[in-house]
Amino acid sequence: MEGRFPAMLVLWLGREFYKSRSIPWGKIVRSRAVWAVTVAKFAGTWGFTCLLTKLPAYLADVLHFPIQKNGLINASVYTAEILAMFMSGCSSDYLRKKNWLSNTNIRKLFETFALLGPAFCLAFIPIMGCAHWPVVSLIVMSMFFYGMVGGGDIPAFVDIAPELAGTIFGLANGLAGTTGFLSPLVAGIFLDSDHGGMHQWSKVFYTSCGIYAFGAIFFLLLGSAEPEPWAVSEDEPPASPGDLSRKASVRSDIEISLSIHASGSSTTWR
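According to this note's numbering, the residues represented by the sequence shown are 42 to 311, in order.
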């Protein structure tokens, strides 16, 4: 994939040779669309990291699952996420081709499912107490919902800044990466105060619920999937039908690359 990026960029920009351009950092920082997708990614990554780092302990200490079932459940959780990520990407593309919803509404629809879905699932876990399989079902469902970012914030980076998608994604992913130590730190503070009792685990789940909900509301209010004016080159020539076809292919490759990178960067915390 890396070797194809120079040629891909040439096709995407519609130029014979790739030309570098200055990055408008000031406009990026002031962009509501950039902040919306960044906050949404931070919120989603917080919940993902919380489950990634604390789920094995919860299954062992609270539900008392043996190590064999613990591993199987963890595998099921992330399998559900990966399946949902690819399904949501295909579904969002289908909605775009049919023109049933605007691009912005498509992104908001999938991002709402990706953030509010896990929030509702995690909110019910303390209510279920130690009922093993209902709790496991809720955990798997929460990650399936989160996988819908494949039609939400991940392709939104390409939507709002076609030529600067990598830069914007790197900025957002860098900020979201701080959840790798913040989320386990906060969870540890709660759990250490009462030796990991169910009441303390409830605080961990409800904290993730609140952050999920905040990210969803923020994206619904400020999110956009329309190209930002500062992200489009003024000297780009009119595109021919053949160019549009090639750009569509490049766009698909970039979105797939971002999806794989997003999934891979998250799982490195194991």
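Backbone N, C-alpha and C define an ideal beta-carbon position, used for all residues, glycine too.
Own chain, CB closer than 8 Å to residue 77, minus 5 neighbours either side, in chain order
Closer than 8 Å at the Cβ level, and outside the excluded window around residue 77, lie 259, 260, 262, 263, 264, 265.
DSSP-derived helix/strand/coil call for residue 106:
Residue state, collapsed to three classes: coil.
Could you check the C-alpha separation between residue 101 and residue 95 for me, to the nearest Å?
Roughly 10 Å separates the two Cα atoms.
Integer-rounded CB distance, given that residue 147 should sit under 8 Å from residue 192:
The Cβ separation is near 7 Å, so the contact holds.
Going residue by residue through the stretch 137–203, where are the continuous alpha helix (DSSP H) segments of at least 4 residues, counting only ones entirely within it?
The qualifying runs are 144–169, 173–187, 194–201.
Does the separation of the CB atoms of residue 154 and residue 126 fall below 9 Å?
No; because the gap between Cβ atoms is not below 9 Å, this pair is not in contact.
Rounded to whole angstroms, what is the Cα-Cα separation between residue 248 and residue 271?
Within the model, the alpha-carbon separation for residue 248 versus residue 271 is close to 36 Å.
DSSP-derived helix/strand/coil call for residue 273
DSSP places residue 273 in coil when its eight states are reduced to three.
Residue 104 to residue 117, Cα distance in whole Å?
Straight through space, the alpha carbons of residue 117 and residue 104 are spaced by roughly 17 Å.
Residue 107 versus residue 130: straight-line alpha-carbon distance, rounded:
Rounded to whole angstroms, the gap between the alpha carbons of residue 107 and residue 130 is 35 Å.
What did DSSP end up calling residue 248 once you bin it into helix, strand or coil?
In this structure, residue 248 counts as helix in the three-state DSSP scheme.
Taking the Cβ atom as the reference point for each residue, do residue 74 and residue 195 lie within a distance shorter than 9 Å?
In this structure, residue 195 does not lie closer than 9 Å to residue 74 by Cβ.
My output table needs one value for residue 225: the three-state DSSP class, helix, strand or coil.
Residue 225 sits in a helix when the DSSP states are folded into three classes.
Segment contact flag, the stretch 79–98 with the stretch 210–220, C-beta cutoff 8 Å, min 3 pairs:
Taking 8 Å as the limit for Cβ pairs, the verdict is that the stretch 210–220 does touch the stretch 79–98.
Residues of its chain near residue 137, where Cβ-Cβ distance is below 8 Å and the 5 sequence neighbours each way are ignored
Closer than 8 Å at the Cβ level, and outside the excluded window around residue 137, lie 144, 147.
If you count every other CB in all the chains shown that lies within 10 Å of the CB of residue 220, and 16 or more means buried, which is it?
Buried, since its Cβ has 16 or more Cβ neighbours within 10 Å.
Quick check on DSSP: helix, strand or coil for residue 92?
In this structure, DSSP gives residue 92 a helical state, which the three-state scheme calls helix.
How far does the alpha helix (DSSP H) with residue 217 in it reach, from first residue to last?
That run of the alpha helix (DSSP H) goes 206–217.
So residue 69 is in the alpha helix (DSSP H); what residue range does that whole segment cover?
66–71 is the span of the alpha helix (DSSP H), which, as asked, contains residue 69.
Taking buried to mean at least 16 other C-beta atoms within 10 Å of its own C-beta, is residue 279 buried or exposed?
Because residue 279 sits at a pLDDT of 46, beneath the cut-off of 50, its placement in the model cannot be relied upon, and the following sentence gives the value as read from the coordinates. The residue is exposed, with fewer than 16 neighbouring Cβ atoms inside 10 Å.
Would residue 222 be called buried (16 or more neighbouring beta carbons within 10 Å of its own) or exposed?
Looking at its Cβ environment, which holds fewer than 16 other Cβ atoms inside 10 Å, residue 222 is exposed.
Go through its chain and collect everything with a Cβ distance to residue 232's Cβ below 6 Å, but skip five positions before and after it.
Taken in chain order, the residues that qualify are 241.
Report the rounded CA-to-CA distance for residue 254 versus residue 163, giving the unit in angstroms.
Each residue's alpha carbon lies about 11 Å from the other.
Distance between residue 157 and residue 257 (C-alpha atoms, nearest Å)
Approximately 7 Å between the Cα atoms of the pair.
Do residue 87 and residue 224 have their C-beta atoms within less than 9 Å of each other?
Yes, the pair counts as a contact, with Cβ atoms nearer than the cut-off.
Length of the line joining the Cα atoms of residue 182 and residue 175
Their Cα atoms are separated by approximately 10 Å.
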